[in-house]
Amino acid sequence: MRPEQRTSFARYRHSLWLLTQRDLRVRYSTSLLGYFWSILDPLVMAGIYWFVFTQVFHRGAGHEPYIIFLLSALLPWMWFNGTISDCTRAFLRESKLIRSTRIPRTIWVNRLVLSKGIEFLASVPVLLFFAVLSGAPITTGAFLFPLAILIQTVLTAGIGLMVAPLVVFFRDLERAVKLVLRFLFYASPIIYSTSDLPGQLHFWAALNPLSGIFSLYRAAFFPGNLNWLTVGISAGISLALLGLGILVFKRTERAVLKEI
2 MRPEQRTSFA
12 RYRHSLWLLT
22 QRDLRVRYST
32 SLLGYFWSIL
42 DPLVMAGIYW
52 FVFTQVFHRG
62 AGHEPYIIFL
72 LSALLPWMWF
82 NGTISDCTRA
92 FLRESKLIRS
102 TRIPRTIWVN
112 RLVLSKGIEF
122 LASVPVLLFF
132 AVLSGAPITT
142 GAFLFPLAIL
152 IQTVLTAGIG
162 LMVAPLVVFF
172 RDLERAVKLV
182 LRFLFYASPI
192 IYSTSDLPGQ
202 LHFWAALNPL
212 SGIFSLYRAA
222 FFPGNLNWLT
232 VGISAGISLA
242 LLGLGILVFK
252 RTERAVLKEI
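Numbering (our numbering), first residue to last: 2 to 261.
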């Protein structure tokens, strides 16, 4: 069936997949290591934090084995961080192509969410490899992985739909987003567990939608880390941000096309 004979959703899905494939090919076409670059950065970061907390300071953080505790949140963080960072340039990089095509403009954000998500899925075998290597048991919480991916997709798309058009009007927002992401890294339970925080900070930690998402990922290895109340809050905030992102995108779309 030709593209013009398909439903609008089928055409959107087809275009989204083509653009995602293009992103992945361009990203690794000139790279010798290819796929390994997508996992090298989180592995180096995990190695540094593992060395600092376990070998230098000898302080307990999170749960043992600590390398699994780190990677189970660090890998999805790289998906979130990479997507939001790229969304700050989504319209500015592809301005000519965006103006010359009639496909829904949300696709320029969603393609980033999908391509970075595929890179994340490609890194999961590395997490499983280290789990086997360190003797970490894989529990039934692994079945919650799809739920974590779904909530994170909703959250990332919602924030991306807000950031992408607003950066067109406020160029300084690109640098502000980088600062916020750097703060959010340390404000999220990545190198530590929420239970490690003082009691008065637990409420504020629960309002961070990444807290519930990371607890879902970690449930595969640390079922005691799962808090369904935090997961529910994360899901609610993610849906609210998606609705707000769609609203902001629709309100600014015409002005963005004029600006670029």
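In this text, a Cβ means the ideal position worked out from N, Cα and C, and glycines have one as well. Quick caveat: nothing in here was measured; it's all calculated off a predicted structure.
Top-ranked residue by Cα proximity to residue i, from the options
i	options	result
residue 67	234, 207, 190, 249	190
residue 232	244, 214, 245	214
residue 9	21, 103, 46	103
residue 44	240, 160, 131, 238	131
residue 176	89, 195, 258, 17	89
residue 160	57, 16, 238	238
residue 234	203, 255, 254, 253	203
CA-to-CA distance, residue j to residue i, given in whole angstroms
i	j	result
residue 94	residue 162	16 angstroms
residue 169	residue 134	46 angstroms
residue 80	residue 182	12 angstroms
residue 13	residue 198	44 angstroms
residue 243	residue 85	14 angstroms
residue 151	residue 97	32 angstroms
residue 141	residue 148	13 angstroms
residue 174	residue 167	8 angstroms
residue 216	residue 193	12 angstroms
residue 128	residue 40	10 angstroms
residue 156	residue 108	16 angstroms
residue 145	residue 227	10 angstroms
residue 236	residue 207	11 angstroms
residue 87	residue 219	26 angstroms
residue 117	residue 64	27 angstroms
residue 229	residue 187	22 angstroms
residue 100	residue 19	18 angstroms
residue 55	residue 249	45 angstroms
residue 38	residue 91	22 angstroms
residue 172	residue 184	20 angstroms
residue 69	residue 139	11 angstroms
residue 259	residue 196	49 angstroms
residue 126	residue 255	42 angstroms
Element boundaries [alpha helix (DSSP H), containing residue i]
i	result
residue 232	229–260
residue 87	67–88
residue 153	146–170
residue 64	Segment: none, residue 64 is in no alpha helix (DSSP H) and carries neither H nor E.
residue 119	108–135
residue 199	Where residue 199 is concerned, there is no enclosing alpha helix (DSSP H), given that its DSSP letter is neither H nor E.
residue 91	91–94
residue 217	210–219
residue 223	Taken as a continuous stretch (DSSP letters only), residue 223 belongs to no alpha helix (DSSP H), as it is neither H nor E.
residue 186	174–188
Residue i classed as buried or exposed, judged by whether at least 16 other C-beta atoms fall within 10 angstroms
i	result
residue 42	exposed
residue 112	buried
residue 251	exposed
residue 27	exposed
residue 205	exposed
residue 83	buried
residue 212	buried
residue 200	exposed
residue 120	buried
residue 210	buried
residue 106	buried
residue 47	buried
residue 122	exposed
residue 257	buried
residue 180	exposed
Nearest-angstrom Cβ-Cβ length linking residue i and residue j, presumed shorter than 8 angstroms
i	j	result
residue 73	residue 222	6 angstroms
residue 110	residue 165	5 angstroms
residue 51	residue 71	6 angstroms
residue 158	residue 246	7 angstroms
residue 224	residue 153	Rounded, the Cβ-Cβ distance is 19 angstroms, inconsistent with contact.
Test: residue i CB closer than 9 angstroms to a CB of chain B
i	result
residue 170	As a matter of chain content, chain B is missing from the structure shown, which is built from one protein chain.
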